[in-house]
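The sequence shown runs 1302 to 1456 under my numbering.
Down below is the structure, laid out as structure tokens.
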Amino acid sequence: MHVLKQFIAVVMLVLLSACATLSPNYEKPQVSITSFSLNPESKGIPSFNIGLRVINPNSAALPIEGMSYSVEIEGNRVLTGAEPNLPKIEGYGTADVVIQATPDLLGGMKLIQQLVSTKSDSLNYLFKAKLDVGTLMPFVNIEEKGSFDIKDLNK
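Pasting the structure below:
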């Protein structure tokens, strides 16, 4: 029984010290979309290259283990993907990465149906990403939203 109490005390100490390393001044990384294009190497189902700029506003390095992400247009999920190979971003550093996303057929069909029934000059988008920054830290959820003019798509 005494050994069990010691073991629990050691586990609690380790957990508390791990939590102490998480800074209360931690800021979420900033992610912005820098480019969007059809992947010329995609075969069969098309895929898209999405350029991202990731900014680490903290003094500690950001080891990104992986990321899952989606793009919604007018509330319809139209692209999804996951990327395991992302660079470590040094403290106060920036990295440009290109991720690949594949279409969500049902979300795309819902969007087309919505566009046909509604006349609009612009579309709202939402980019969602979940960054895995290691085992001691929780996932970092990031969202970027905005809109684009439909007329600009023809340029």
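Think of the CB as a built atom: it goes at the ideal place given N, C-alpha and C, for glycine as much as any other residue.
Subject >> Asp1422 - DSSP class collapsed to helix/strand/coil >> reply: Position 121 of the sequence shown, counted from the start, is the residue given in the question as residue 1422. Asp1422: coil per DSSP, three-state reduction.
Original post:
How is Val1417 classed by DSSP in three states: helix, strand or coil?
Top reply: Within the sequence shown, residue 1417 is the residue found at index 116, counting from 1. Looking at Val1417 - three-state DSSP - the assignment turns out to be helix.
**OP:** Quick one: which unbroken alpha helix (DSSP H) runs of 4-plus residues sit fully inside the segment 1326-1373? Chain order, please.
**Re:** none
Original post:
Below 8 Å between beta carbons: does that hold for Ser1348 and Ala1383?
Top reply: Mapped onto the sequence shown, residue 1348 falls at position 47. Mapped onto the sequence shown, residue 1383 falls at position 82. Going by C-beta atoms, Ser1348 is not nearer than 8 Å to Ala1383.
**OP:** Report all residues from its chain with a CB closer than 6 Å to the CB of Arg1354; omit the five preceding and five following residues, and keep chain order.
**Re:** Here the question's residue 1354 lines up with position 53 in the sequence shown. Result list for Arg1354: Ser1333, Thr1335, Asp1397, in chain order.
Subject >> Glu1445: first and last residue of the uninterrupted beta strand (DSSP E) it sits in >> reply: For the purposes of this step, residue 1445 is identified with residue 144 of the sequence shown, where counting begins at 1. Per DSSP, Glu1445 belongs to the beta strand (DSSP E) from 1441-1450.
Subject >> Of the residues Asn1442, Pro1358, Arg1378, the one placed nearest Gln1415, counting alpha carbons only >> reply: Working through the sequence shown from its first residue, we reach residue 1415 at position 114. For the residues Asn1442, Pro1358, Arg1378, the minimum Cα distance to Gln1415 belongs to Arg1378.
Original post:
Between the beta-carbon of Asn1357 and the beta-carbon of Gly1394, is there less than 8 Å?
Top reply: For the purposes of this step, residue 1357 is taken as the residue at position 56 of the sequence shown. For the purposes of this step, residue 1394 is taken as the residue at position 93 of the sequence shown. The answer is yes: Cβ separation under 8 Å.
**OP:** Sort out for me which residues DSSP pairs Asn1386 with in a bridge.
**Re:** As a first step, residue 1386 is located in the sequence shown; it is residue number 85 there, counting from the start. Answer by DSSP bridge pairing: none, since Asn1386 is not bridged.
Subject >> Rounded Cβ spacing between Glu1366 and Val1434 (contact assumed at less than 8 Å) >> reply: Along the sequence shown, one-based indexing puts residue 1366 at 65. Along the sequence shown, one-based indexing puts residue 1434 at 133. With a beta-carbon spacing of about 7 Å, Glu1366 and Val1434 fall inside the 8 Å limit used to define contacts.
**OP:** Note down the Cα distance separating Ser1369 from Asn1340, rounded to an integer number of angstroms.
**Re:** Taking the first residue of the sequence shown as position 1, residue 1369 is located at position 68. Taking the first residue of the sequence shown as position 1, residue 1340 is located at position 39. When rounded, the distance between both Cα atoms is 18 Å.
Original post:
Under the rule that 16 or more other beta-carbon atoms within 10 Å means buried, what is Leu1432, buried or exposed?
Top reply: Taking the sequence shown and counting its residues from 1, one reaches residue 1432 at position 131. With 16 or more Cβ atoms within 10 Å of its Cβ, Leu1432 is classed as buried.
Original post:
Smallest Cα separation from Asp1405: which of Asn1425, Glu1373, Met1438, Asp1453?
Top reply: Numbered from 1 along the sequence shown, position 104 holds the residue referred to as residue 1405. Taking only the C-alpha atoms, the option nearest Asp1405 is Glu1373.
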